[in-house]
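To start, the structure itself, in structure tokens.
Shown next, in the form of structure tokens:
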């Protein structure tokens with residue numbers, strides 16, 4: 001690997017890059033692909049007949065993320081830092097050490113009969129071995145499917161049954177603040193429930209809680225890894241699957257997003273340089289989890305493809321031990337860019353409203369904070385920007401897309417933001433907004449947000465075992481992918497995500513965005529967090545209801561309620577006046593920080609509640625049911 005990015009022109013700005021991608025996508029992406037080492041170099045970027053990227057190219061993603069940096073003489077550069085404030089340990093691995101661990105882990109899998117094309121389920125906490133396992137699968141051409149550690153057995157069983165793994169990588173336990181979660185009983189129960197039975201389970205024994213092994217099936221990770229010989233990378237076709245990542249489906253059945261090798265590596269390498277401004281030797285921290293797409297893209301693959309140092313964090317933004325942990329880690333490791341979810345910043349703000357921990361940190365290494373995973377309300381964004389004195393950049397993408405589609409491209413010299421907007425279209429993406437009749441919506445008008453085909457490299461190419469569900473995303477508007485989000489594009493090209501399309505409510509014939517209402521509510525000085533959803537109304541069809549979390553010490557809630565209603569009437573109109581404002585201690589969220597608005601709607605409308613296993617705290621639901629519909633609690637099915 002050359003010291004500098006081959007596919008990056010440091011003098012190109014956003015406007016020029018976007019124009020190049022529009023005018024000559026073939027040339028644009030072929031140039032981006034030069035940032036990688038190809039075993040067989042592709043002769044074209046995209047094949048429209050098969051909708052594949054770099055169709056005749058072969059490579060190995062693990063070799064691009066690890067081996068080539070060592071071969072270029074950078075084996076002593078730190079590749080991975082494991083920060084675990086829960087255990088009190090920090091461990092670092094150089095690229096040379098990472099290569100050794102990954103190659104031996106790949107050998108462990110190969111000795112267990114794993115071969116190219118086989119699936120491997122990874123059910124692990126945030127420990128280095130989870131990263132070794134992901135890269136080891138990529139090294140031998142196996143397809144990994146990471147399942148969030150601690151998922152309940154029935155949900156894990158669904159993923160095992162669908163992907164049919166030959167082996168499972170797991171650990172004896174995971175750690176949360178104040179508790180230890182035994183993983184092995186959950187895995188054993190999941191395998192019992194699944195019609196498919198993996199041939200082998202490799203178990204990492206953690207000192208906090210060891211587990212028993214099932215004879216004939218389970219193998220001790222460390223023993224097997226120590227006995228294994230290192231193996232070399234296996235060439236794979238660009239279009240071969242790298243991983244399956246399951247995301248919640250509208251039917252309640254998880255859908256497995258399939259990511260390819262060549263397009264994925266090309267897109268992530270481009271994004272590290274041009275969106276995040278990260279290159280070889282820089283320190284990048286995505287404070288997420290490997291069970292989510294952010295963890296795949298920007299804890300594991302993206303930073304390592306760039307030759308950067310990545311941080312793997314086993315902790316929480318507050319409580320491990322306090323709301324200053326993020327800023328201490330940034331200073332300790334000289335983090336250049338931090339990526340987290342708005343919900344993490346809101347948690348920090350609630351615990352440290354005056355930003356005292358931020359003031360205690362230097363943060364001189366930090367160039368920017370990036371937010372994604374849910375809509376960043378302007379109040380939260382402006383608060384953290386003021387406290388940090390750094391650019392705070394919201395950006396938007398989905399599990400299906402795999403990397404940012406809307407952003408302020410910091411690496412291209414862009415710093416202009418509009419609070420409430422996720423930015424402008426990333427070069428390579430072409431957005432449109434359509435109204436209900438399928439016509440192009442006027443600038444500033446909310447409609448269905450679409451992306452023109454072909455989708456850029458790195459986007460999903462299939463859903464595992466579900467071709468018909470994959471096609472569903474492209475049938476509503478010919479030639480476009482339907483994002484499922486409502487949005488609008490303003491006169492300056494900034495794209496505003498207003499929520500899922502089912503978060504557009506119809507009040508007496510008026511289509512209103514609950515996301516817009518949330519933006520207004522969040523501007524109230526007493527509000528720390530909020531969610532607005534539609535409730536069925538006999539007269540008007542639907543009416544808005546706001547769920548609000550206030551700052552500690554807020555006493556006069558009736559006045560706050562009156563002020564919120566008045567703010568919505570003044571900013572949006574009387575038609576948007578909420579039917580009620582309900583104050584709560586917490587909102588129901590997934591572990592990735594997304595507010596479960598569908599559950600809030602179900603609570604308000606007295607519908608059956610289907611609580612996903614991804615929920616952070618199931619106890620929140622009971623309190624909300626009592627708050628919204630006292631005496632008429634719906635059936636709770638978990």
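In the UniProt record's numbering, the protein residues as written are 1 to 638.
Virtual Cβ for every residue (Gly too), placed ideally from N, Cα, C.
For clarity, every value in this text was computed on a predicted model and none was experimentally measured.
Segment contact flag, the region 100–112 with the region 147–158, C-beta cutoff 8 Å, min 3 pairs: no
Suppose you measure from the CA of residue 611 to the CA of residue 270; what does that come to, to the nearest Å? 38 Å
Go ahead and pull the three-state DSSP assignment for residue 159. helix
Residues of its chain near residue 367, where Cβ-Cβ distance is below 8 Å and the 5 sequence neighbours each way are ignored: 277, 336, 337, 390, 391 and 410
Per-residue burial, residue 457 [other beta carbons within 10 Å of its own, 16 or more giving buried]: buried
Would you identify the three-state DSSP class for residue 463, choosing helix, strand or coil? strand
Check for me: the alpha helix (DSSP H) holding residue 644 runs from which residue to which? For residue 644 there is no data in the structure shown, the boundaries of the chain being 1 and 638.
Round the Cβ separation of residue 628 and residue 582 to the nearest angstrom and send it over; I've been treating them as touching at under 8 Å. About 6 Å; that satisfies the 8 Å criterion.
Please go through the same chain and pick out, in chain order, the residues whose beta-carbon is closer than 8 Å to the beta-carbon of residue 461, but skip the five residues on each side of it. 51, 52, 239, 258, 259, 260 and 263
I need the boundaries of the alpha helix (DSSP H) containing residue 33, first residue and last residue. 25–33
Hey, how far is the Cα of residue 475 from the Cα of residue 355? 48 Å
With H, G and I counted as helix, E and B as strand and the rest as coil, what does DSSP make of residue 211? Looking at residue 211 - three-state DSSP - the assignment turns out to be coil, as it is neither helix nor strand.
With 16 other Cβ atoms within 10 Å as the buried cut-off, status of residue 89: The residue is exposed, with fewer than 16 neighbouring Cβ atoms inside 10 Å.
Measuring straight from C-alpha to C-alpha, what distance separates residue 71 and residue 358? If I take the Cα positions, the gap works out to 40 Å.
Other residues of its chain near residue 159: CB distance less than 6 Å, five sequence neighbours each side excluded: 147 and 246, listed in sequence order.
Near residue 65, which residues of its chain fall below 7 Å by C-beta distance, leaving aside the five closest residues on each side in sequence? 135, 301, 304 and 305
For the pair the region 475–489 and the region 445–457, tell me if three or more CB-CB distances fall below 8 Å. The region 475–489 vs the region 445–457: in contact.
Check whether the region 414–424 touches the region 436–451, counting contact only when three or more Cβ pairs, one atom from each stretch, lie closer than 8 Å. no
Sort out for me which residues DSSP pairs residue 145 with in a bridge. 121
For residue 413, which residues of its own chain have a beta-carbon under 8 Å away from its beta-carbon, when the five flanking residues on both sides are left out? For residue 413, same chain residues with a beta-carbon under 8 Å away, outside a window of 5 residues either side, are 13 and 14 in chain order.
Less than 7 Å between the beta carbons of residue 521 and residue 544, yes or no? no
Would you call the region 290–297 and the region 421–433 in contact, with 3 or more CB pairs under 8 Å? no
Mapping DSSP to helix, strand and coil, what is residue 435? coil
Measuring straight from C-alpha to C-alpha, what distance separates residue 375 and residue 196? 38 Å
Using 7 Å as the threshold, is the C-beta distance between residue 206 and residue 172 below it? yes
For residue 532, report the span of its beta strand (DSSP E) as first-last. 527–537
Out of 161, 203 and 311, which one is the CA nearest neighbour of residue 253? 161
Using C-beta distances below 6 Å, list every residue in its chain close to residue 601, excluding the 5 sequence neighbours before and after it, in chain order. So the list reads 533, once near-sequence residues are dropped.
State the Cα-Cα distance for the pair residue 348 and residue 518, rounded to the nearest angstrom. 20 Å
Exposure of residue 530, with buried meaning 16 or more beta-carbon neighbours within 10 Å: buried
Mind checking residue 443: buried by the 16 CB within 10 Å criterion, or exposed? exposed
Taking only runs of the beta strand (DSSP E) that begin and end inside the region 177–262, which ones reach a length of at least 3 residues, in chain order? 179–182, 200–204, 218–220, 241–247 and 255–260
The beta strand (DSSP E) enclosing residue 71, as first and last residue numbers: Taken as a continuous stretch (DSSP letters only), residue 71 belongs to no beta strand (DSSP E), being part of the alpha helix (DSSP H) at 68–71.
Given a threshold of 16 other Cβ atoms within 10 Å of its Cβ, counted over all protein chains shown, does residue 179 qualify as buried or as exposed? Counting Cβ neighbours within 10 Å, residue 179 comes out exposed, since fewer than 16 surround it.
Residues near residue 275 in its chain [Cβ-Cβ closer than 6 Å; skip 5 each side]: 404, 407, 409 and 411
Pick out the complete beta strand (DSSP E) segments inside the region 574–630, 3 residues or longer, and give them in chain order. Listed in chain order, the complete beta strand (DSSP E) runs (minimum 3 residues) inside the region 574–630 are 580–583.
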